[in-house]
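Numbering (our numbering), first residue to last: 1 to 134.
From the three backbone atoms N, C-alpha and C, an ideal C-beta is built for every residue, glycine too.
Structure first, then comments.
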Ligand code: SF4
Ligand code: SF4
């Protein structure tokens with residue numbers, strides 16, 4: 001994976017607010033800072049799905065490779081808040097409730113299911129999230 005994919009992956013983990021990549025020169029620091037200007041395609045780390053262990057199958061890693069959702073749901077973020085909420089993070093529930101679109105907007109189209117490299121049955125999970133986050 002590229003350094004940009006690694007940074008995005010780390011930032012997507014629940015509870016991670018920042019990352020501190022190592023650098024050996026000004027040039028490397030400048031390259032890392034260019035993370036902020038990278039397009040979404042460059043940050044897409046869904047390739048990890050091709051070398052993830054079998055036990056990782058079916059688990060959402062919030063990569064958003066399944067986007068676009070026709071309803072505009074930020075699928076990765078909704079799942080991250082859900083996992084945090086299940087772990088007891090009450091703030092995650094509050095954040096979830098401020099989202100413009102959430103699991104309640106899912107129309108079960110299945111587009112995300114067909115796009116997920118981790119074989120997550122996301123349309124089913126959206127129903128689960130909807131029931132939990134009331
Ligand atoms: S459902 Fe799959 S593609 Fe979508 S965010 Fe989760 S792991 Fe990534
Ligand atoms: S199944 Fe739901 S979350 Fe997935 S793409 Fe369709 S509307 Fe979006």
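- For the options 36, 81 and 30, the alpha carbon positioned closest to that of residue 5 is the one of 36.
- For residue 104, the secondary structure class from DSSP, reduced to helix, strand or coil, is helix.
- Across the structure, residue 82 and residue 90 are spaced so that their CA atoms are roughly 10 Å apart.
- Here the alpha carbon of residue 7 sits roughly 19 Å from the alpha carbon of residue 117.
- Look at residue 89 here: in three-state DSSP terms it is coil, with no helix or strand label.
- Under the DSSP assignment, residue 59 falls outside any alpha helix (DSSP H); it carries neither an H nor an E label.
- Taken in chain order, the complete alpha helix (DSSP H) segments of 4 residues or longer contained in the segment 1-36 are 3-12 and 26-33.
- Pairing residue 101 with residue 74, the inter-Cα distance amounts to about 7 Å.
- The C-beta separation of residue 71 from residue 112 comes to about 10 Å, leaving the pair out of contact by the 8 Å criterion.
- DSSP, reduced to helix, strand and coil, places residue 127 within a helical segment of the structure shown.
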